[in-house]
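What follows is one structure encoded as structure tokens, with my remarks underneath.
See below:
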């Protein structure tokens, strides 16, 4: 059970109706690693950071079983930075500032020691960068899961279409699914996106749960109704980490097991939003994760006897 | 198993991105009756219509097992009329016209023959009118379920608060739950609303499913992802009809059985939106309902083995 994770490791400044963070550690691959490492070790990380990225953060990840050979450190440059603000409706956010910095010309290099990995999680990045990782792998992983966002649909659609042909599972949110497919109905959107390459599609709907599509099959996982969503930053990446983490742990890529992986991902995401940034993810225990997953079972479980 | 249904029987004119209806038969109690009568007979209807309401419509309902003794026919007046338009996002709608007509001074009278009914479904109406039905019943029903809407929160909040003290289950949508409780978090909203009277709260979220709250317990039923939502008019009432219909059929008012009732209601609502108005509800067979419920089981079913 070996997993490669590709994505940004970065700084975020976040405003929500509940407060404002300083410049804190974030980035898709950071959240994915914190989440996935609960289920599978090692996580083989591919990313790029600047000289401003704290060594202590890298050390904490290493202590947790995240291999960092594939993380380039560009001492004389700065890490990717994103600043954003959320409204009470935590499903939509406003970007206040984006500094690409080291991510602007990121050329990922897959270390020799990562060869033969069975699972690949492509966190949100320029589609060309995601594709270059796939192309460097001599043996195709058992499962390639990819996240992306509307931004790339707007500025890099041809590259996005190319990489989509080579992935097994695409993760997007509902508005991205609609944008990518030019279909309003999510059922029609899913059909169209699956024609673009991925055999599986996960549509994340934030507080409204997530849908998994495969052929004519569909699965709907609810989200746990939460008292407060404190900060949704990284929830999608944390979901992705739980999803691929469960699959890598079980080494089972069936539709049935992907359903379970979605529950695991949803449970992990429900922790993420409880505190700013990665704070909550650093604290959770195996027992808490099991408890949260049990809450999901309770949440959707019903008996039926037909009329 | 006897059920009283109270609500409007009316005309609607509907515009959706897919088309425009003529002036067609609608009204909360119409949808509830068409839906609930799949599960329980007779349905004892309480409503008011004008001389313009077609006899043939009343006859169709009577043929289906809906008792109409409690339906007042005011020959020289006109039925309630609503015209509205939906955007692609079928969760929100714009009211183009409302003519209260006979509903303006509706004084419901519970016929002697309805006495002793075990279940009461209060469809959306002025809270004072809903309350007058409860007050006329000599024996309190086993379960009183009530629907309402934002309109009454704006113009009749004191009356709404009064009737809420006397009902067991409240059905509202997510924005109404937020408005009624002045809480954004649905978990907090639910807690506050349950303090207002109802021991059970159902929050309907349209294409995002429905939540059931009771004390600290919560259940999340998904909505079936649909190819197209053709016309959402009456979906909430149809849901209510399936919900109360299942409970009245089984005569089981436990939380566990309410979960099942929500699935039944969701299944019924998923038919309603497939065609304009009540069209689809008039056609469905027992087999179709069973098939649809089975789809819900498939949709949410997953196996989990903890980490």
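Protein chains in written order, with the numbering used here: chain R, 518 to 824; chain C, 518 to 824. Think of the CB as a built atom: it goes at the ideal place given N, C-alpha and C, for glycine as much as any other residue. Bear in mind that the values here come from a model prediction, so they are computed numbers and not experimental data.
Neighbour flag for residue i against chain C, beta carbons, 7 angstroms
i: residue 704 (chain R); result: yes
i: residue 701 (chain R); result: yes
i: residue 587 (chain R); result: no
i: residue 805 (chain R); result: no
i: residue 739 (chain R); result: yes
i: residue 776 (chain R); result: yes
i: residue 745 (chain R); result: yes
C-alpha gap between residue i and residue j, whole angstroms
i: residue 561 (chain R); j: residue 584 (chain R); result: 5 angstroms
i: residue 792 (chain R); j: residue 747 (chain R); result: 6 angstroms
i: residue 685 (chain R); j: residue 599 (chain R); result: 29 angstroms
i: residue 795 (chain C); j: residue 786 (chain C); result: 11 angstroms
i: residue 652 (chain R); j: residue 702 (chain C); result: 45 angstroms
i: residue 629 (chain R); j: residue 520 (chain R); result: 14 angstroms
i: residue 641 (chain R); j: residue 695 (chain C); result: 33 angstroms
i: residue 537 (chain C); j: residue 751 (chain C); result: 15 angstroms
i: residue 775 (chain R); j: residue 565 (chain R); result: 30 angstroms
i: residue 773 (chain C); j: residue 582 (chain R); result: 43 angstroms
i: residue 674 (chain R); j: residue 698 (chain R); result: 12 angstroms
i: residue 810 (chain C); j: residue 806 (chain R); result: 31 angstroms
i: residue 626 (chain C); j: residue 612 (chain C); result: 29 angstroms
i: residue 559 (chain R); j: residue 650 (chain R); result: 18 angstroms
i: residue 734 (chain R); j: residue 576 (chain C); result: 41 angstroms
i: residue 821 (chain C); j: residue 731 (chain R); result: 19 angstroms
i: residue 736 (chain C); j: residue 622 (chain R); result: 47 angstroms
i: residue 624 (chain R); j: residue 646 (chain R); result: 7 angstroms
i: residue 543 (chain R); j: residue 728 (chain C); result: 32 angstroms
i: residue 643 (chain R); j: residue 765 (chain R); result: 24 angstroms
i: residue 677 (chain R); j: residue 714 (chain R); result: 11 angstroms
i: residue 725 (chain R); j: residue 557 (chain C); result: 32 angstroms
i: residue 663 (chain C); j: residue 693 (chain C); result: 13 angstroms
i: residue 639 (chain C); j: residue 683 (chain C); result: 12 angstroms
i: residue 635 (chain R); j: residue 660 (chain R); result: 7 angstroms
i: residue 654 (chain C); j: residue 545 (chain C); result: 21 angstroms
Status (buried if at least 16 other CB within 10 Å, exposed otherwise) for residue i
i: residue 522 (chain R); result: buried
i: residue 614 (chain C); result: exposed
i: residue 605 (chain C); result: exposed
i: residue 525 (chain C); result: buried
i: residue 658 (chain C); result: buried
i: residue 535 (chain R); result: exposed
i: residue 691 (chain R); result: buried
Amino acids of chain C, ordered along the chain, whose beta-carbon sits closer than 9 angstroms to that of residue i
i: residue 782 (chain R); result: Under the 9 angstroms cutoff, chain C gives no residues; its nearest Cβ is about 12 angstroms from residue 782 (chain R).
i: residue 793 (chain R); result: Those do not exist, as residue 793 (chain R) stays about 17 angstroms from chain C at its closest Cβ, beyond 9 angstroms.
Closer than 7 angstroms to chain R by CB, residue i
i: residue 819 (chain C); result: yes
i: residue 533 (chain C); result: no
i: residue 605 (chain C); result: yes
i: residue 725 (chain C); result: yes
i: residue 800 (chain C); result: no
i: residue 735 (chain C); result: yes
Chain-ordered neighbours of residue i on chain R, where CB pairs are closer than 7 angstroms
i: residue 558 (chain C); result: Neighbours of residue 558 (chain C) on chain R: none; closest Cβ ~13 angstroms, over 7 angstroms.
i: residue 814 (chain C); result: 821
i: residue 731 (chain C); result: Result: empty, since nearest Cβ-Cβ is about 13 angstroms, beyond 7 angstroms.
i: residue 652 (chain C); result: Near residue 652 (chain C) there are no residues of chain R at all, since even the closest Cβ is about 33 angstroms away, more than 7 angstroms.
Neighbour list for residue i in chain R, Cβ cutoff strictly below 8 angstroms
i: residue 712 (chain C); result: The premise fails here: residue 712 (chain C) is roughly 16 angstroms from chain R at the closest Cβ pair, so nothing lies under 8 angstroms.
Chain-ordered chain C contacts of residue i [CB-CB under 7 angstroms]
i: residue 728 (chain R); result: 742
i: residue 722 (chain R); result: 725
Chain-ordered chain R contacts of residue i [CB-CB under 9 angstroms]
i: residue 773 (chain C); result: 819, 820
i: residue 716 (chain C); result: Those do not exist, as residue 716 (chain C) stays about 18 angstroms from chain R at its closest Cβ, beyond 9 angstroms.
Residue i: CB within 6 angstroms of a non-hydrogen atom of the ligand MN
i: residue 607 (chain C); result: As for the ligand MN, it is missing from this structure, which has no ligand bound.
Checklist entry - Is there contact between the stretch 543-553 of chain R and the stretch 751-762 of chain R, where contact requires at least three CB pairs shorter than 8 angstroms? => result Between the stretch 543-553 of chain R and the stretch 751-762 of chain R there are three or more C-beta pairs closer than 8 angstroms, enough to call the two in contact.
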